[in-house]
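In what follows, a single structure is set out as structure tokens and then discussed.
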DNA sequence: GTCTATATGATGATAGAC
DNA sequence: GTCTATCATCATATAGAC
């Protein structure tokens, strides 16, 4: 999941920059137009290369999508770091970590592209589901206890998704304009309440 | 916004049932495939009519979408009813009202279809934005006070959107399977906290 | 009111020259 | 590695016969 950015080993000919340009253009396209809306021709034009070259490199549109949606960071690390905070600060820590991670250039685009594409493309939805479950839901639920742990963790995660959707996709005024500093405390308090709703898991 | 279901005045020939069948098929298609994914041909097939007939009635795909996305209830009423509850129960009331409204057959499809389509279609996004702002954001914010009222209301609304997205679009396991009875109290508490974060507006 | 036929244009993908 | 040319498919929309 952390393959793309820096090439490690293998050849490094002049053409590598072309590959990277295509990937960057693809990420941008999937981010703002979702899987169906983005076109190979459009991506090629943005990268200033021939459309056939895109398929030559990535085989198919699906292959390109998979490569472009490779996260430049490990979301498991982000969540784990947030959950390492003292119990009463975890909501705040998770809110800050999540908002910061997807606001960062190069990672937010991927998450939003994934979310956008999940709406109209079942394969993307499956990938998003898997990502959310493994990287967020399971770790968060594991830090809680009781029969409601999974449900509580899901609700907390759904709130994060809602903010992401309202802020970056629907672009509802107040949320789209809000600063991170204004958002984090309020969102953190809401998440914290969910964590408090289930007893803590034993160490 | 409450036009569709029952015809009022005008003619009522045999063909009305065809119109209704097309509209129902369109609603279903936009609901599960979003604006771009749904096709006139597919809708026509589902309604067992000719594709040309669909355009004959609704002029264009956009026109059909607008007609299909006409909400069968007034969302303003739903929100207003929930906000009429005693201050300390408003979160619960809003959670129950929102979940019940979009879980009902014939209305949830519309909201989800709108949300799905907003992702890839800017016109739909604008419509969703307008709907959310006028029907939810403004009334909720009006019941609060202070400079943060709008932001707090937005966050509460974003949570509702997140649950909608996670439950019905991404279909993340625990949320998709949860019962209304299990969901409402937890979600209600989260919303209530937002309401408590801003002082109440004077009567 | 309903359908056939078709205009027009976009897409993903392939084969193969250079 | 890069590009031209093209195929097959699908879309919305229109004109007009019945």
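Chains as they are written, first to last, in my numbering: chain A, 9 to 211; chain B, 9 to 211.
The beta carbon of each residue, even a glycine, is placed where N, CA and C say it ideally should be.
Check: Opening and closing residue of the alpha helix (DSSP H) in which residue 97 of chain A lies; Outcome: From DSSP, residue 97 of chain A is part of no alpha helix (DSSP H); its letter is neither H nor E.
Check: The region 57-73 of chain A in contact with the region 81-93 of chain A per 3-pair CB rule at 8 Å; Outcome: no
Check: Closer than 8 Å to chain B by CB, residue 49 of chain A; Outcome: no
Check: Inter-residue Cα distance where the pair is residue 68 of chain A and residue 125 of chain B; Outcome: 25 Å
Check: Residue 79 of chain B in three-state terms, based on DSSP; Outcome: coil
Check: Where residue 73 of chain A meets chain B, residues with beta-carbon distance less than 9 Å; Outcome: The premise fails here: residue 73 of chain A is roughly 15 Å from chain B at the closest Cβ pair, so nothing lies under 9 Å.
Check: Proximity below 8 Å, CB of residue 173 of chain B to CB of residue 99 of chain B; Outcome: no
Check: Sub-8 Å separation of residue 152 of chain A and residue 206 of chain A beta-carbons; Outcome: yes
Check: The region 116-130 of chain A / the region 39-50 of chain A touching (three or more Cβ pairs under 8 Å); Outcome: yes
Check: Short-range partners of chain B found in the region 177-211 of chain A, where Cβ spacing is below 8 Å; Outcome: 177, 178, 179, 180, 181, 182, 183, 186, 190, 191, 194, 195, 197, 198, 201, 202 and 205
Check: Interface positions of the region 113-142 of chain B facing chain A (Cβ-Cβ less than 7 Å), listed along the chain; Outcome: 124, 126, 127, 128, 133, 136, 137, 140 and 141
Check: Burial state of residue 183 of chain B (16 or more Cβ within 10 Å); Outcome: buried
Check: Residues, ordered as in the chain, of the region 27-47 of chain A that lie near chain B by beta-carbon distance below 8 Å; Outcome: 41, 42, 44 and 45
Check: CB-CB length for residue 29 of chain B against residue 37 of chain B, believed under 8 Å; Outcome: No, residue 29 of chain B and residue 37 of chain B are not in contact; Cβ-Cβ is about 12 Å, not under 8 Å.
Check: N-terminal and C-terminal residue of the alpha helix (DSSP H) that residue 41 of chain A is part of; Outcome: 24-45
Check: Residue interval of the alpha helix (DSSP H) (run including residue 167 of chain A); Outcome: 157-172
Check: CB contact check: residue 154 of chain B to chain A, cutoff 8 Å; Outcome: no
Check: Cα-Cα separation, residue 15 of chain B to residue 24 of chain B; Outcome: At residue 15 of chain B the pLDDT is 41, less than 50, meaning the model places this residue with poor confidence; the figure from the coordinates comes in the next sentence. Taking the straight line from one Cα to the other gives about 9 Å.
Check: Cβ shell of residue 35 of chain A (< 6 Å), same chain only, five flanking positions each side left out; Outcome: 76 and 117
Check: Reduced DSSP category for residue 207 of chain B - H, G, I as helix; E, B as strand; rest coil; Outcome: coil
Check: Three-pair Cβ contact test at 8 Å for the region 150-166 of chain B versus the region 157-164 of chain A; Outcome: no
Check: Residue 69 of chain A beta carbon near the ligand FMN (any heavy atom closer than 7 Å); Outcome: Annotation note on the ligand FMN: not contained in the displayed structure, which lists no ligands.
Check: Residue 112 of chain A vs residue 168 of chain A beta-carbon contact at 8 Å; Outcome: no
Check: CB of residue 141 of chain B within 8 Å of CB of residue 87 of chain A, strictly; Outcome: no
Check: Nearest candidate by alpha-carbon position, reference residue 197 of chain B, set B:82, B:97 and B:48; Outcome: B:97
Check: For residue 32 of chain A and residue 50 of chain A, the rounded distance between their alpha carbons; Outcome: 13 Å
Check: 8 Å Cβ shell around residue 21 of chain B - same chain, five flanking residues per side excluded; Outcome: Any reading at residue 21 of chain B needs caution, since the residue's pLDDT is 45, under 50, leaving its predicted position unreliable; the model's value is listed next. There are no such residues.
Check: Close beta carbons around residue 115 of chain A, own chain, < 8 Å, minus the five adjacent residues each side; Outcome: 79, 80, 81 and 109
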